[in-house]
Structure formats: structure tokens, C-alpha cells
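Worksheet: the structure to be examined is printed underneath.
2 protein chains.
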Amino acid sequence: MQRRNEISIGTLADRTGLAVSAIRYYETQGLVAPERNAGGQRRFLRSDIRRLSFVMIAQKFGFTLDRIREVLGRLPQSRTPTAKDWTEISQDFRAELDEQIAALTRLRDKLDGCIGCGCLSLERCALYNPDDVAADKGAGPRYLMGDEAVRPED
Amino acid sequence: MQRRNEISIGTLADRTGLAVSAIRYYETQGLVAPERNAGGQRRFLRSDIRRLSFVMIAQKFGFTLDRIREVLGRLPQSRTPTAKDWTEISQDFRAELDEQIAALTRLRDKLDGCIGCGCLSLERCALYNPDDVAADKGAGPRYLMGDEAVRPED
DNA sequence: GCTTGAGCTAAAGTTAGCTTTAGGAATTAT
DNA sequence: ATAATTCCTAAAGCTAACTTTAGCTCAAGC
Numbered sequence: 001m002q003r004r005n006e007i008s009i010g011t012l013a014d015r016t017g018l019a020v021s022a023i024r025y026y027e028t029q030g031l032v033a034p035e036r037n038a039g040g041q042r043r044f045l046r047s048d049i050r051r052l053s054f055v056m057i058a059q060k061f062g063f064t065l066d067r068i069r070e071v072l073g074r075l076p077q078s079r080t081p082t083a084k085d086w087t088e089i090s091q092d093f094r095a096e097l098d099e100q101i102a103a104l105t106r107l108r109d110k111l112d113g114c115i116g117c118g119c120l121s122l123e124r125c126a127l128y129n130p131d132d133v134a135a136d137k138g139a140g141p142r143y144l145m146g147d148e149a150v151r152p153e154d
Numbered sequence: 001m002q003r004r005n006e007i008s009i010g011t012l013a014d015r016t017g018l019a020v021s022a023i024r025y026y027e028t029q030g031l032v033a034p035e036r037n038a039g040g041q042r043r044f045l046r047s048d049i050r051r052l053s054f055v056m057i058a059q060k061f062g063f064t065l066d067r068i069r070e071v072l073g074r075l076p077q078s079r080t081p082t083a084k085d086w087t088e089i090s091q092d093f094r095a096e097l098d099e100q101i102a103a104l105t106r107l108r109d110k111l112d113g114c115i116g117c118g119c120l121s122l123e124r125c126a127l128y129n130p131d132d133v134a135a136d137k138g139a140g141p142r143y144l145m146g147d148e149a150v151r152p153e154d
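So the sequence lines, in the order shown, correspond to chains A and B. Residue numbers 1 to 154, in our numbering, belong to the letters of the first sequence in order. Residue numbers 1 to 154, in our numbering, belong to the letters of the second sequence in order.
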């Protein structure tokens with residue numbers, strides 16, 4: 001039996017296009033916090049459809065689930081988020097996105113310089129400056145390129 | 001004993017800033033193909049410094065090792081790559097990078113539209129069109145958002 | 001009232017991109 | 001000549017973001 005404002009995990013999956021397993025995973029990651037009914041089954045709110053949609057959009061933009069959890073933390077806890085609430089966190093979001101685009105563009109421009117000189121691994125090469133774009137995607141430490149990594153004769 | 005044009009894995013690591021283990025891993029991925037000396041130790045060419053530098057730069061741009069391997073495949077096999085060879089593949093690269101930036105920018109603009117209307121999960125929302133940016137980063141299938149995922153009343 | 005479909009948990013598997021560990025063997029330095 | 005490095009391989013471990021599997025319980029339909 002589903003009350004009007006409560007939906008099952010299957011329904012939520014249908015409405016968002018997410019896999020049921022993904023939604024359960026998101027719960028372990030603190031992205032949704034459904035209640036349970038008498039039989040122990042998850043009961044989500046309709047507003048969780050929007051919440052998970054936001055998660056999916058944010059992922060498209062390349063944000064990690066950790067980061068998304070932080071952002072979602074800024075929504076009001078005491079009431080169902082309004083359109084205005086969503087607008088506000090989307091705006092913060094946009095700022096980060098702008099920065100990402102800018103970093104990628106800077107990097108591209110540096111590449112242009114390097115195409116011009118054909119160096120691509122000389123010590124003065126602008127690309128060796130490690131101050132750009134979050135270089136981290138997978139796990140484990142990444143060693144950034146430092147100056148003098150390569151000498152002209154190589 | 002190292003011949004003038006041959007360097008050990010440790011030296012290559014020092015010169016590129018990569019970890020020795022990373023270089024070995026890159027070998028398993030077909031990104032470098034060192035020879036071996038009498039004792040079975042890897043002997044790289046000095047030009048591999050440049051090659052691995054290219055790999056590192058490409059990663060900064062968000063390319064996967066698979067993709068990088070493909071790109072590197074376009075270098076001449078018969079001789080040590082010249083600056084011109086590197087310039088050429090960098091240019092192909094630049095084109096893809098431009099596309100990435102463009103896709104991200106399109107997505108950002110769509111977000112702008114959504115901030116304006118505050119919808120973020122309504123069925124007409126532009127963000128639901130799955131035709132943008134490679135949505136795939138981690139492993140396993142990703143379910144893209146389709147139209148009608150969310151109804152206005154949610 | 002019983003059969004199915006949906007849900008539940010816990011644990012293991014997957015991919016990318018590496019690192020760490022273990023136990024030897026080859027080099028280099030003194 | 002010997003000690004200290006460096007290198008080698010193979011296998012296991014790690015993170016992110018999930019999926020798959022196994023074995024059971026709930027809930028819904030007829």
C-alpha cells in the first residue's frame with residue numbers, strides 16, 4: 001500500500017531512470033534517506049524524484065557523489081525543498097562549472113602555444129605548470145609534472 | 001651500464017615525475033614498449049620521456065589511457081618521432097578538447113535556462129536530453145535521463 | 001490463500017588507473 | 001668483494017560508482 005506522498009524504490013527507479021541498485025547505493029552514500037514501512041521496505045518521498053534528478057544532472061557535470069552530497073546538504077532539512085531552493089543550489093553549482101570550463105580553456109590555450117613551438121616536453125613548456133584543472137580522476141596519488149622534468153636534448 | 005640513448009625505468013621516472021610502478025603499468029597498457037637488457041631490465045629510449053610527458057598532458061585533459069594509446073598509434077613506428085609528429089597529434093587532440101569544452105558550455109547554458117524557470121526536474125527540462133557530454137566516467141552502465149522522467153506535480 | 005513479483009541484506013565482482021607487497025635477481029657504489 | 005640500490009614479476013589492494021548474485025521476506029493479484 002502506498003500513500004500518496006510515499007513511493008517505493010521501484011517507482012522511484014522508474015521515474016528517474018536509475019537502477020534500483022543505484023538508488024540503494026545512493027542511500028549508503030547519504031544522498032537520499034528514505035524511511036521504512038512496517039515490513040522494512042523503503043518509502044521515499046515524491047520530492048526524492050527531484051532530488052535524484054539533481055544528482056544525475058550534477059554527475060553529468062562531472063561532480064563526484066561526495067561533492068553532490070555536500071551541495072545537497074545546503075537544502076533545508078525541515079521542509080520539502082521548493083523550486084527556489086533548487087534554484088539556489090544550482091547557482092552555486094554553475095559557478096563551479098564556470099571554473100571548470102575556464103580551467104579547461106586555459107589548458108587548451110597553453111596547448112596552442114605548444115603546438116606553435118612544437119616543444120611539448122621542453123622545460124619551459126607551459127603545460128608543465130601543475131596549477132590547472134583537478135588532475136585527479138581515479139584512485140591513488142598522481143604525480144604532477146614539475147618544471148625541469150625534461151631537458152631540451154630529449 | 002646505460003648507453004647514451006638508453007635509460008632505466010628509474011631515470012625515466014625521475015625525468016617525467018611518474019612513479020616507477022606507473023610506468024610499468026603503462027607498459028602493460030601498451031603506451032610504451034621498452035626493450036630489455038641482458039639482465040632483463042627495461043631499457044627505454046630518451047624519446048620515451050617525451051612520449052610519457054604527452055601521456056601525462058593528455059590525462060590532464062581528461063583522456064583515458066585507451067584513447068591516448070590510439071592517438072599515440074598515429075606516431076611513426078619506424079623512427080623516433082620528431083617535433084612535427086608531436087605537433088600533428090596535438091592538433092587532433094585540440095579538436096577533441098574543443099568539443100569537450102563546447103559540450104560543457106552547452107550544458108551550462110541549459111542549466112542557466114533551468115535556473116531561470118526553477119524546474120530542474122520538469123519534463124520539458126532541457127537537461128533531460130541525454131545528448132550531451134560523455135556521461136561515462138566510472139564502471140558499469142549508466143542510465144541516462146529520458147524525457148518524461150518526472151511529472152510536473154512531483 | 002497461494003503464487004508471483006518486488007524488496008531486502010550482505011558480499012563479491014567490475015572498470016580505470018595505479019600502488020603496495022613479497023620475494024628474488026641484477027647493478028652500482030665503496 | 002660486499003653492501004646498498006635498483007629492478008623484476010606476480011598478485012593483491014585501493015577508490016569510485018555501481019551491478020550481480022544468493023538466499024529470503026513482503027506485498028499484491030487472482
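Just so you know, even glycine gets a beta-carbon here, dropped at the ideal spot from N, CA and C.
key: Collapsed DSSP secondary structure at Arg24(B) in the structure displayed   = The residue given as residue 24(B) occupies position 24 in the second sequence. It is helical.
query = How about Tyr26(B) and Val32(B): do their beta carbons lie closer than 8 Å?
reply = Taking the second sequence and counting its residues from 1, one reaches residue 26(B) at position 26. Taking the second sequence and counting its residues from 1, one reaches residue 32(B) at position 32. Yes, they are a contact pair.
ask   = How far does the alpha helix (DSSP H) with Phe54(B) in it reach, from first residue to last?
value = As a position in the second sequence, residue 54(B) is number 54, starting the count at 1. Unbroken alpha helix (DSSP H) run through Phe54(B): Ser47 to Lys60.
ask   = How about Arg24(B): is its C-beta nearer than 8 Å to some C-beta of chain A?
value = If you number the second sequence from 1, residue 24(B) lands on position 24. Answer no: the Cβ-Cβ gap between Arg24(B) and chain A never drops below 8 Å.
request  = Take the Cβ of Pro34(A) as the centre, count every other Cβ of all protein chains shown within 10 Å, and call the residue buried at 16 or more, exposed below.
outcome  = For the purposes of this step, residue 34(A) is identified with residue 34 of the first sequence, where counting begins at 1. Buried, since its Cβ has 16 or more Cβ neighbours within 10 Å.
inquiry  = I'd like to check one pair, Ile9(A) with Arg46(A): are the Cβ atoms closer than 8 Å?
reply    = As a working note, residue 46(A) is residue 46 in the first sequence. As a working note, residue 9(A) is residue 9 in the first sequence. For Arg46(A) and Ile9(A), no; Cβs fall outside 8 Å.
ask   = Taking the alpha carbon of Gln59(A) as the point to measure from, which residue in Asp112(A), Arg74(A), Ala102(A) and Leu97(A) has its own alpha carbon closest?
value = To locate residue 59(A), count along the first sequence from 1; it is residue 59. It is Leu97(A).
key: 8 Å contact criterion, which Thr16(A) and Ile49(A) should meet: CB distance rounded   = For the purposes of this step, residue 16(A) is taken as the residue at position 16 of the first sequence. For the purposes of this step, residue 49(A) is taken as the residue at position 49 of the first sequence. Right, the Cβ-Cβ distance comes to about 6 Å (below 8 Å), so this counts as a contact.
key: 8 Å Cβ cutoff, Arg94(A) in contact with chain B   = Within the first sequence, residue 94(A) is the residue found at index 94, counting from 1. So, interface residue.
query = Given a threshold of 16 other Cβ atoms within 10 Å of its Cβ, counted over all protein chains shown, does Asp90(B) qualify as buried or as exposed?
reply = Taking the first residue of the second sequence as position 1, residue 90(B) is located at position 90. Looking at the sequence itself, residue 90(B) is Ser, so the reference to Asp does not match. Ser90(B) should be labelled buried.
query = Of the residues Arg108(B), Arg69(B) and Thr105(B), which one's Cα is nearest the Cα of Thr28(B)?
reply = The residue you call residue 28(B) lines up with position 28 of the second sequence. Taking only the C-alpha atoms, the option nearest Thr28(B) is Arg69(B).
inquiry  = Do Leu104(B) and Ile57(A) count as a contact pair if the criterion is CB distance below 8 Å?
reply    = Here residue 57(A) refers to the residue found at position 57 when the first sequence is read from its first residue. Here residue 104(B) refers to the residue found at position 104 when the second sequence is read from its first residue. No, the Cβ-Cβ distance between Ile57(A) and Leu104(B) is not below 8 Å.
query = By Cβ distance below 6 Å, which residues in the same chain neighbour Val20(B) in space, the five residues on each side in sequence not counted?
reply = Looking up residue 20(B) in the second sequence gives position 20. Contacts found: Ile9 and Ala13.
request  = Quick one: using the 10 Å Cβ neighbour count with 16 as the cut-off for buried, is Ala22(B) buried or exposed?
outcome  = The residue given as residue 22(B) occupies position 22 in the second sequence. It is buried - the Cβ of Ala22(B) has at least 16 other Cβ atoms within 10 Å.
message = Going by DSSP in three states, Arg67(A) sits in which element: helix, strand or coil?
response = The sequence position of residue 67(A) within the first sequence is 67, counting from 1. Note: Arg67(A) maps to helix in three-state DSSP.
ask   = Among Leu52(B), Phe61(B), Leu18(B) and Arg51(B), which has the Cα closest to the Cα of Leu107(A)?
value = Reading the first sequence from its first residue, position 107 is the one you call residue 107(A). The shortest Cα separation from Leu107(A) among Leu52(B), Phe61(B), Leu18(B) and Arg51(B) belongs to Phe61(B).
task = Could you tell me which residues DSSP puts in a beta bridge with Arg106(A)?
result = Position 106 of the first sequence holds residue 106(A). Partner(s): none; Arg106(A) has no beta bridge.
query = What is the rounded straight-line gap between the Cα of Gln41(B) and the Cα of Phe44(A)?
reply = As a working note, residue 41(B) is residue 41 in the second sequence. As a working note, residue 44(A) is residue 44 in the first sequence. If you take the alpha carbons of Gln41(B) and Phe44(A), they lie about 59 Å apart.
key: Ala13(A), enclosing alpha helix (DSSP H) - first and last residue   = As a position in the first sequence, residue 13(A) is number 13, starting the count at 1. Here the alpha helix (DSSP H) through Ala13(A) covers Ile9 to Thr16.
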